[in-house]
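Below: the structure, in structure tokens.
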Amino acid sequence: MAINIFTPELLERHFSKNEWKKGTRIFQSQGVKTCALDGETIRGVVSSERANQSSYLTRLVFEGKNGDIASFCDCYIGRDCKHGAALAQSFIHQHFDPNSTASPEKVIEKWLNRFQAQPTRYQPNNLQKSLLYFLKPNSYIDDDYFTLSIKSARSKVNGGWSQTLSTEHSASSLINSAYANNDDVAILTELMRTNQFGDNIKYFDLFEQIIKTNRCFWQTSYNLDEAITLGAPLEAQWQWQALGNHLHTLKLVFNQPTTNILIVKAQPLCYYDEEQNCFGKINTNTQCDFEADLLNSPIFEEDKLPWVMNKLSMSLGDAVQRLPKPKTEFSQELTKPEVYLHFSTPSKSNPETGYVKVNFSYQGSLVNPHDKNVTVSPDNISTGKVKLYRDLAFEQSVVDKLTSLKFSVQPEPKRYTFTNEDYLNKNKTPKFSMLMQGRFFWQALVHQEVPLLKDLGWHISFADNFYYKALSTDSIFDAEVIETDDHDFFSLGLNLTVDGKKMPAFPILLGAIEQLPKSALLDKEKEQLIAPESLIYVDLDNGDFVALRYKSVQPLLKQFIELFMPNALNSDGTLKLSRFQGHQTLSMLDDQGMIATGTSKLRSLADKLRDFQQVTTVPVPKGLNATLRTYQHQGLNWLQFLREYQLNGILADDMGLGKTIQALAHLLIEKQQGRLTKPVLIVAPTSVIFNWANEIEKFTPQLSYQVLHGSKRQQHFNCLDRNDGEEPVDIIITSYALIIKDLDLYREQPFYYLILDEAHYIKNTKTQLYQAFLLLKAQHKLCLTGTPMENHLGEFWAQFNFLLPGFLGGQRQFTKLFRTPIEKHADHDRKQLLNQRIKPFILRRTKDKIATELPPKTEIIQKLRIEGKQAELYESVRLAMDSRLKDIIAEKGLKRSQIEVLDALLKLRQVCNHPKLLALEGAKKVNQSAKLDYLMETLPEQIDEGRRILIFSQFTSMLSLIEEALIDAGIGHVKLTGSTTKRQEVVDKFQRGDVPVFLISLRAGGVGLNLTAADTVIHFDPWWNPAVENQATDRAHRIGQNKPVFVYKYIIENSIEEKIQRIQQNKAELAKALLSEEVSDNKLSLTDDILTSLLAPLE
């Protein structure tokens, strides 16, 4: 119910205390004359508290958007004044208990009570005055308008009214009068609202309301015995009246004879019958809003009547058809002319500006819209009283049509005259021209509009030097593949038939790109605003252009996004593409039904790239001391396929699925078939180089190897090219850390294969390490990684630029065409395009799909709450960092403040682990850690249950604190960090079961280790990148594990660690979407909002 909206609290709260007090005085002095609820508005008439003061229309409006009200008033203040406060208090008095807030039940009860008894209508008595209304013609302006005056008089005992009348009153003063009853207040309110008091009464409805009071009189007689009554409607017709001498006028003629009738100009027309003293409305044959103006019809010469009717049709519309046609001595014809349009573009240097000359031909006589003559005398009519009257409405419609086509009326430049005027017959053409600017509008006119105008029968001509010409095309493309000297690339030519001749289509597509908004082409959401049927006009030479439907070029623009880069085309109009895009290019051409020639070699490769499972199955090499699983055999087939076609790729199987064994089986085939004539260089993290040596000895002992690691590695450098008569080794194993130091050795040596294990180590292209790998020479390259993308798509580009230079374009090109649309705009189409390009060169299988025999893995988010001194320290550090970062970011901007931001976040993460990690004197005194306490409470029980436990942390100092606690508790353990020298001994000790706990630094032991003896993994602290955590977990959950694995992640509730979890989820979903073709809307970037969330206080 609307009453419930306006609660007493809401109404009083809106006004200031001072205005509320003033309103109280007005309300108590009965200054509120009316108060009514109208939907969500309270309306009323309010006066001031002093006598004889003006009254004001006041409104209280509910504003749902903020739960408040707005107060409006006609007084000089205008808003939130004392009158509004008084109206509010009157409303409260009507609907609520004035001393307390009424309950909803009372509100409903009060509302229902209003229906029980209607108030009695006001009845005057001989002791009280009443308001009398007087109507009279407005002799000052127009007798056909009636004006109103109001006076007061006492009623007589025997009926009628006293002849003693008061002076004339204003509506604003009368509305407060004790003489005004409910009907009077309604009339006075309407007079004030429409500003009709003292002026002409314009609406019959108001006349009717006044007359129904039975207190309305004809002022010229002052006969107060008979009030004006309502009469029946009168029927009338508009007719043309001949006055003689070929003069005519328009008159209103009543259907029945009438006398002493005054016509009143109102809506609709009204009458006053002096004899009957009645007032009513007039029904006419037009019933339009302009009838009061028709009463003022002037006298017209006979030959002007068709022109008058023409003009009236433009104003009255269909109503003019109901007017009778005038009868004259002349034979008059309203003739529709023929339309002549002549287009010109005066300057070749500025063809965007041009003109159209407009003329109308009436049986050979030419006029234009500026001609003031309303009649035309055709030259071929020499006798008879025949005149042709111009169809001005039609002429105006022609001008309106041209205006809709972006023409505007302009004077024709004096320096230019039209040269092709033979279409004007022999008549001199009056000058009327319209100007249009804009190449697109001219092209749309020539291509689309001119044929339609010709269909209407309009005569169209062009100046001899008219610039624009639309060429025809069937929008059917054909393609040609051209082999180049550079075997890594090919040239693709597209052709389009234009006016019967074949033309290179890529330059035309470039022209299409220029016509489209660039933001739409690189943003999927904005691209949807372009309708498929939209026309694109592409400039050719010398004003020639071709029109293409967007739907016909959209697939090409999506596929060949290289066109969006500068200098994309070769000099012959072809597009240079990587041969590794051949499968995708030919698939698109086939889907579009395009004929492609010269594709035999490319198609052979493309057919195999589309689905690697169709590549040749190779037998497992003899001497391999392992049985390959089905998916591992498929991986071996894929590696052999890449080698056969001189391709490189990424084997990106999940951690623990046997990437090492697949690579070694592949190398064993290469040796057995005599292709391994140069050494293979395998580069791996320091923690796993000896794991490679063990795997070679175990599975492929036929392959010889040499580990180049440690301070004495130089003595083995001759293994690359032995001078002692022995054969060079098949495989060299070294670490990323030593590549730069030994670069001079490796860059001179050609390798058969260059294999990077944990290839995400080269994700940063700006590092010296990455640049070093680009200098190495290898016939084949292979990346092994379970996490091909950890943070952003730039890491993909880095690996593919190493493997297949030019395949994904340059780094800036890749960022513009792929990374920005996908990461910032969640462009699904661009993501799918990238997925299709890289799919043949990256083989990824996940454990949940392949290794179904693996025992289950259960992840448990263990949320802990810090309290006491640790919580106080966290909050103090957070406040200090928040304040410091705001100052730094204000000075340098967020992008240039990354080091400071990461440092601040690091401190908060350290406090979550243990205050002692923080390099502050005060922090070291806080010996309280919720995580360490929980670990030491639960660890003994887990060990008693026979659990074998891995504990990962990024902070080696945290591992030291945990180690101290384990020693104090007498729990056996081993530890692996970057400083551990005898790594294999530590691993073996845990694997044999000598100790139940293994403390591991995330960086040093997160990859390469096989720890299937463990069945419990504890991540003591979260890392930004979920892939790093998953790699660590998969040290235990991998092939060879036969026990269920439980993964515990310690998270401090409401802290920065919870926010890190959300960022982890975003990164994981982006990588999953790119590699699995699933759709994801995630956008990754460190924004002000994310930073604010990270630095939010504990709840």
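The numbers in my numbering rise by one with no breaks, and the one at position 773 of the sequence shown is 784.
The beta-carbon is built from N, C-alpha and C at its ideal position, and this holds for glycine as well.
Task: Bounding residues of the beta strand (DSSP E) (the contiguous stretch that carries Tyr757) - done: By 1-based counting over the sequence shown, the position of residue 757 is 746. That residue, Tyr757, is in no beta strand (DSSP E); its alpha helix (DSSP H) goes Leu754 to Arg758.
Task: Outcome for Val264 when other beta-carbon atoms lying within 10 angstroms are tallied against a minimum of 16 - done: Here residue 264 refers to the residue found at position 253 when the sequence shown is read from its first residue. The residue is exposed, with fewer than 16 neighbouring Cβ atoms inside 10 Å.
- [ ] Return helix, strand or coil for Glu237, following the three-state DSSP convention.
- [x] The residue you call residue 237 lines up with position 226 of the sequence shown. Coil.
Open item on the list: Between the alpha carbons of Asp195 and Glu285, how many angstroms are there, rounded?
Closed with: The residue labelled residue 195 in the question sits at position 184 within the sequence shown. The residue labelled residue 285 in the question sits at position 274 within the sequence shown. Their Cα atoms are separated by approximately 25 angstroms.
TODO: May I ask which residues mark the beginning and end of the beta strand (DSSP E) holding Ile766?
DONE: For the purposes of this step, residue 766 is identified with residue 755 of the sequence shown, where counting begins at 1. Segment Phe762 to Asp768, the beta strand (DSSP E) holding Ile766.
Open item on the list: For a test of the three-state rule: what should DSSP assign to Ala113, helix, strand or coil?
Closed with: Counting from 1 along the sequence shown, the entry for residue 113 is found at position 102. Residue placement at Ala113 is flagged as unreliable, the pLDDT there being 43, under the threshold of 50; a coordinate-derived value is accordingly withheld.
Open item on the list: Measuring only the C-alpha atoms, how far is Leu4 from His353?
Closed with: No answer is possible for residue 4: the residues shown for the chain start at 12 and end at 1110.
Task: Gly669 (DSSP reduced to helix, strand or coil) - done: For the purposes of this step, residue 669 is taken as residue 658 along the sequence shown, with counting starting at 1. In the three-state DSSP reduction, Gly669 falls in the coil class, being neither helix nor strand.
Task: Run of the beta strand (DSSP E) containing Tyr373, from where it starts to where it stops - done: Numbered from its first residue, the sequence shown carries residue 373 at position 362. Boundaries of the beta strand (DSSP E) around Tyr373: Thr364 to Tyr373.
Open item on the list: On the criterion of 16 or more Cβ atoms from any shown chain inside 10 Å, does Asn924 qualify as buried, or is it exposed?
Closed with: As a first step, residue 924 must be located in the sequence shown, where it is residue number 913. Buried, by the Cβ-count rule.
TODO: Measure the alpha-carbon distance for Pro867 versus Arg1046 and round it to whole angstroms.
DONE: By 1-based counting over the sequence shown, the position of residue 867 is 856. By 1-based counting over the sequence shown, the position of residue 1046 is 1035. In this structure, the alpha-carbon of Pro867 lies about 15 angstroms from that of Arg1046.
Open item on the list: For Ile973, tell me which candidate among Leu943, Pro244, Gln965 and Glu956 has the shortest Cα-Cα distance.
Closed with: Within the sequence shown, the letter at position 962 stands for residue 973. Ile973 has its Cα closest to that of Leu943, out of Leu943, Pro244, Gln965 and Glu956.
TODO: Look at the alpha carbon of Glu491 and the alpha carbon of Leu503, and state the distance between them as a whole number of angstroms.
DONE: Residue numbering aside, residue 491 sits at position 480 when the sequence shown is read from its first letter. Residue numbering aside, residue 503 sits at position 492 when the sequence shown is read from its first letter. Distance between the alpha carbons of Glu491 and Leu503 is about 6 angstroms.
Open item on the list: Pop quiz: Leu413 and Asn321 are said to be a contact at Cβ under 8 angstroms. What is the actual Cβ separation, rounded to whole angstroms?
Closed with: Mapped onto the sequence shown, residue 413 falls at position 402. Mapped onto the sequence shown, residue 321 falls at position 310. No, Leu413 and Asn321 are not in contact; Cβ-Cβ is about 20 angstroms, not under 8 angstroms.
Task: Leu905 versus Asn1036 - alpha carbon distance - done: Residue numbering aside, residue 905 sits at position 894 when the sequence shown is read from its first letter. Residue numbering aside, residue 1036 sits at position 1025 when the sequence shown is read from its first letter. Taking the CA atoms as reference points, Leu905 sits about 21 angstroms from Asn1036.
Open item on the list: In the DSSP output, which residue or residues are listed as bridge partners for Tyr283?
Closed with: Mapped onto the sequence shown, residue 283 falls at position 272. The partner list for Tyr283 (beta bridge, DSSP) reads Leu273 and Phe290.
TODO: Give the range of the beta strand (DSSP E) segment to which Pro148 is assigned.
DONE: As a position in the sequence shown, residue 148 is number 137, starting the count at 1. That run of the beta strand (DSSP E) goes Lys140 to Asn149.
- [ ] From the DSSP output, in three-state form, read off Leu567 for me.
- [x] Counting from one through the sequence shown, the residue named residue 567 turns up at place 556. It is helical.
Task: Separation of Leu662 from Asp999, as counted between CA atoms - done: In the sequence shown, the residue the question calls residue 999 occupies position 988. In the sequence shown, the residue the question calls residue 662 occupies position 651. So the alpha carbons of these two residues sit roughly 28 angstroms apart.
Task: Rounded distance between the beta-carbons of Ile53 and Leu98, thought under 8 angstroms - done: For the purposes of this step, residue 98 is taken as the residue at position 87 of the sequence shown. For the purposes of this step, residue 53 is taken as the residue at position 42 of the sequence shown. Contact between Leu98 and Ile53 holds, with the beta-carbon distance rounding to 6 angstroms and staying under 8 angstroms.
TODO: Determine the DSSP secondary structure at Phe26, reduced to helix, strand or coil.
DONE: As a position in the sequence shown, residue 26 is number 15, starting the count at 1. Correct three-state label for Phe26: coil.
Open item on the list: Looking at Tyr747: is its Cβ nearer than 9 angstroms to the Cβ of Pro690?
Closed with: Your numbering for residue 747 matches position 736 in the sequence shown. Your numbering for residue 690 matches position 679 in the sequence shown. No, the Cβ-Cβ distance between Tyr747 and Pro690 is not below 9 angstroms.
- [ ] Leaving out five residues on either side along the sequence, give the residues of the same chain with a beta carbon under 6 angstroms from the beta carbon of Val1028.
- [x] Your numbering for residue 1028 matches position 1017 in the sequence shown. Cβ within range, chain order: Leu961, Thr1044, Ala1047 and Val1058.
Open item on the list: Please classify Phe451 as buried or exposed, where buried requires at least 16 other C-beta atoms within 10 Å of its C-beta.
Closed with: Within the sequence shown, numbered from 1, the residue matching residue 451 stands at position 440. By the neighbour-count rule (16 or more Cβ atoms within 10 Å), Phe451 is not buried but exposed.
Task: Nearest to Leu306 (by Cα), restricted to the options Pro268, Gln252, Leu258 and Phe701 - done: For the purposes of this step, residue 306 is taken as residue 295 along the sequence shown, with counting starting at 1. Closest option to Leu306, Cα to Cα, is Gln252.
- [ ] Determine the burial state of Asp838: buried for a count of at least 16 other Cβ atoms within 10 Å of its Cβ, exposed for fewer.
- [x] One-based indexing of the sequence shown puts residue 838 at position 827. Answer is buried; the Cβ neighbour count reaches 16.
TODO: Within its chain, find whatever has a CB closer than 8 angstroms to the CB of Pro630; leave out the 5 residues flanking it on each side and keep chain order.
DONE: Residue numbering aside, residue 630 sits at position 619 when the sequence shown is read from its first letter. In its own chain, leaving out the 5 sequence neighbours on each side, no residue places its CB closer than 8 angstroms to the CB of Pro630.
Task: Coil, strand or helix - Gln843 by DSSP - done: For this step, residue 843 is matched to residue 832 along the sequence shown. In the three-state scheme derived from DSSP, where H, G and I count as helix and E and B as strand, Gln843 is classed as helix.
Task: Buried/exposed call for Asp496, threshold 16 Cβ in 10 Å - done: The sequence position of residue 496 within the sequence shown is 485, counting from 1. The C-beta of Asp496 has fewer than 16 other C-beta atoms within 10 Å across all chains shown, which makes the residue exposed.
TODO: Assign Val369 to buried or exposed, taking buried as 16 or more other Cβ atoms, counted over all protein chains shown, within 10 Å of its Cβ.
DONE: Here the question's residue 369 lines up with position 358 in the sequence shown. By the neighbour-count rule (16 or more Cβ atoms within 10 Å), Val369 is buried.
Open item on the list: With distance defined between alpha-carbon atoms, name the residue in Phe784, Asn846 and Phe556 nearest to Arg830.
Closed with: Taking the sequence shown and counting its residues from 1, the one referred to as residue 830 is at position 819. Per the Cα distances, Asn846.
Task: Start and end residues, beta strand (DSSP E) containing Lys513 - done: Translated into positions along the sequence shown, residue 513 becomes position 502. In the DSSP annotation of this structure, the continuous segment of the beta strand (DSSP E) that includes Lys513 starts and ends at Lys512 to Pro515.
Open item on the list: Using the three-state DSSP reduction, which class does Ile493 fall into: helix, strand or coil?
Closed with: What you label residue 493 is simply residue 482 of the sequence shown in a count that begins at 1. Residue state, collapsed to three classes: strand.
Open item on the list: Whole angstroms are fine: how far does the CA of His458 sit from the CA of Glu432?
Closed with: Reading the sequence shown from its first residue, position 421 is the one you call residue 432. Reading the sequence shown from its first residue, position 447 is the one you call residue 458. Reliability of the predicted coordinates at Glu432 is poor, the pLDDT of 44 falling under 50, and the value obtained from them is presented with this limitation in mind. Straight-line measurement puts the Cα of His458 at about 23 angstroms from the Cα of Glu432.
Task: Range of the contiguous beta strand (DSSP E) that encloses Lys986 - done: Mapped onto the sequence shown, residue 986 falls at position 975. His984 to Leu987 is the extent of the beta strand (DSSP E) around Lys986.
Open item on the list: Across the stretch 225-242 and the stretch 255-271, are there enough close Cβ pairs to call them in contact, namely three or more that are closer than 8 angstroms?
Closed with: Contact between the stretch 225-242 and the stretch 255-271 is absent: fewer than three C-beta pairs spanning the two stretches fall below 8 angstroms.
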